[in-house]
Structures are given as structure tokens and as C-alpha cells.
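Going by the working numbering, the sequence shown opens with residue 11, and the numbers climb by one from there. Reading through the C-alpha cells given below for one structure.
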Amino acid sequence: MERWRINFPATPAAIEALRDALETADDEAAMQRLLEKYPALLAPTVVGTHDTWIRPQVQLGNHYMADFMIAGQTSLGVQWTLVELESPVSRLTNPGNKRATVTLRHAVDQIEDWRRWLSTNLHYARAARDADGLGLPGITAEVPGLIIMARETYDDAVSEIRELHARRSYIHVRTYDWLMRINESPDPLSRRPRPAPSARVTPATMFPLGSVGVGAPQRNEAVPRVNSAGGNQTLPLYALL
């Protein structure tokens, strides 16, 4: 795991490279290359960790490859997040019916496929690499997912889509503008997506599932919740957004 440890925040040069890529990139591959070169850009997607590791292109059997897997070491153990990237020029919803696009549905299916693979290969996934395993200690088949795709536009009806996937399967859908924002802002609570002027603001859109004051999914015990007892617990940053 040591080779994937992130010991520093993203540098100004990395943030500028992300900004430039968002103006020029037209496919997922360009963003994959950028984030492999500057993995610290993904580190702010989780908070409350002692250490963070970011592994690119993790092969899961013969058929699947996770774009990134993020691990955070906490007092409760290693907590993982599956990351699926899509193109920055894609859309989250269709302009006409405001339903999830084929691209977004494909991204959700990818994470579900990875989880199913983990459920049947958990021992192999957790085993150390020097023991012919994948070296993913503590991972579970209920590992949360994070999809990063598209840009923020006022005609993309995203709030209902985000809430739906967060509630059904604990898969959080975010844009590349959000990724830029969390790297530019030092305050996690200031990193929430900005609702479009016509968007209906509800507790779920202001504090999506898993955030402070809103019930987190119980099916995933690997992602502890913040409670009144305090303590050094992990809460995915994207659950605060």
C-alpha cells in the first residue's frame, strides 16, 4: 500500500492542470491520465482519515477494472471507496425527460458489477499482494461508490438523481466542477454543490444521505456515521456535499 500513499494536498500546479483539462478534455481517458498523474486531487473526497491511499486501475478478475480505489485509515480500520470516471462532456440527465443518461446508468452498473465481484471474491481481494491477493485490506462488498462525470449546468436535473442513487445503493454522483471546488476550498462544509436557481432545495439536496443530521444507510457498516459521541470517525466528504 505504501506506493499509493498520499502525504500531501494537491499542489497549485495539479489544480491548474485539472482546470485546464476541464476546458480541453473530451473523454474519460484524458481525466484518468490526469488523475493518475496527480492522485492527490482525489484525496479530498474523503475526510477524517489518518492516512489516504489512492490506487489507479485496480483489476478485479478478468472482466472488471476500477478506475480508482481510495482507502482511508481510521481508528475503525481501513475504509474504501470505489471511483468510476466518465467524460466531462457527458450529461447526468437527458434534456427532454430529465432521466438519468445512458452514461450515468452505465457508471452505476459498473460499480454494482464491482461490488458483485467483491462479494464472491472477498478473501482474494483482502489478501496481501505478496500472498497473491489484491491487497485491499478491510474492503467489503458494500463499499460505497463515487461517480465523477459531466460539468455543472443549470439545465441538468441532478438533485433527484443524486438522492435516488444515494438512497438506493449508496453511490454518490458528482461533477468535475465539484472535484475542482473541493480542491480549492479548505472548508468541507463549503463544498456542497450549488443548486440551480430553479432547483427545489430540500434537506436531501442541502445535506444528502450520510451527512451530519441526516440518517446514513445502515447497510454499509464500513462507513461509520458522525454522532454525538464524537471521536475520530470517517465520513466521506461527498456525503457532506
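The beta carbon of each residue, even a glycine, is placed where N, CA and C say it ideally should be.
Where does residue i fall in DSSP's three states?
{"i": "Ala2", "result": "A question about residue 2 goes unanswered here, because the residues of the chain that appear run from 11 up to 251."}
{"i": "Arg161", "result": "coil"}
{"i": "Met11", "result": "coil"}
{"i": "Asn17", "result": "coil"}
{"i": "Ala209", "result": "Confidence in Ala209 is poor, its pLDDT being 38 and thus under 50, which makes the residue's placement unreliable; the coordinate value appears in the next sentence. Ala209: coil per DSSP, three-state reduction."}
{"i": "Tyr257", "result": "The chain is shown only over 11 to 251; residue 257 falls outside these bounds and no answer can be derived."}
{"i": "Tyr248", "result": "The pLDDT assigned to Tyr248 is 41, lower than 50, so where the model puts this residue is not dependable; a value taken from the coordinates is nonetheless given after this. The answer is helix: DSSP assigns Tyr248 an H, G or I state."}
{"i": "Pro66", "result": "strand"}
{"i": "Ile149", "result": "coil"}
Could you round the C-beta distance between residue i and residue j to whole angstroms and report it? I think they count as a contact, below 8 Å.
{"i": "Ile192", "j": "Thr55", "result": "7 Å"}
{"i": "Trp63", "j": "Arg125", "result": "Wrong, their Cβ atoms sit about 20 Å apart, outside the cutoff."}
{"i": "Gly184", "j": "Ile158", "result": "For clarity, residue 184 is Arg in the given sequence; the question names Gly instead. With a Cβ gap of about 5 Å, Arg184 and Ile158 count as contacting."}
{"i": "Leu51", "j": "Leu32", "result": "With a Cβ gap of about 12 Å, Leu51 and Leu32 do not count as contacting."}
{"i": "Gln83", "j": "His60", "result": "5 Å"}
{"i": "Pro66", "j": "Glu94", "result": "Not really, about 13 Å apart at Cβ, beyond 8 Å."}
{"i": "Leu146", "j": "Met79", "result": "7 Å"}
{"i": "Ala160", "j": "Leu102", "result": "5 Å"}
Which term fits residue i, buried or exposed, when burial requires 16 or more other beta carbons within 10 angstroms of its beta carbon?
{"i": "Arg172", "result": "buried"}
{"i": "Ala239", "result": "With a pLDDT of 42 at Ala239, under the threshold of 50, the modelled position of that residue is not reliable, and the figure given next carries that caveat. Classification of Ala239: exposed, given that the 10 Å Cβ count is below 16."}
{"i": "Gly155", "result": "buried"}
{"i": "Glu12", "result": "exposed"}
{"i": "Glu26", "result": "exposed"}
{"i": "Arg115", "result": "exposed"}
{"i": "Pro49", "result": "buried"}
{"i": "Thr212", "result": "Model confidence at Thr212 stands at a pLDDT of 35, short of 50, so the residue's coordinates are unreliable; what they give is reported in the following sentence. Exposed: under 16 other Cβ atoms inside 10 Å."}
{"i": "Val112", "result": "exposed"}
{"i": "Ala23", "result": "exposed"}
{"i": "Ala110", "result": "buried"}
{"i": "Gln69", "result": "exposed"}
Should residue i be listed as close to the ligand MG, given that the test is whether its C-beta is under 8 Å from any heavy atom?
{"i": "Asp187", "result": "The model on display carries no ligand, and the ligand MG is accordingly not part of it."}
**Prompt:** Fully enclosed by the segment 93-145, which alpha helix (DSSP H) runs are 4 residues long or longer?
**Reply:** Fully enclosed alpha helix (DSSP H) runs of 4 or longer: 112-130 and 132-136.
**Request:** Could you tell me which uninterrupted beta strand (DSSP E) segments, each at least 3 residues in length, are contained entirely in the segment 27-53, listed from first to last along the chain?
**Result:** Assignment of beta strand (DSSP E) within the segment 27-53, counting only whole runs of 3 or more residues, yields no such run.
**Prompt:** Is it a yes or a no for the segment 136-143 touching the segment 74-84, going by three-plus beta-carbon pairs under 8 Å?
**Reply:** The segment 136-143 is not in contact with the segment 74-84.
**Message:** Could you check whether the segment 29-37 touches the segment 85-102, counting it as contact only if at least three pairs of C-beta atoms, one from each stretch, sit closer than 8 Å?
**Reply:** The answer is yes - the segment 85-102 touches the segment 29-37, with three or more Cβ pairs under 8 Å.
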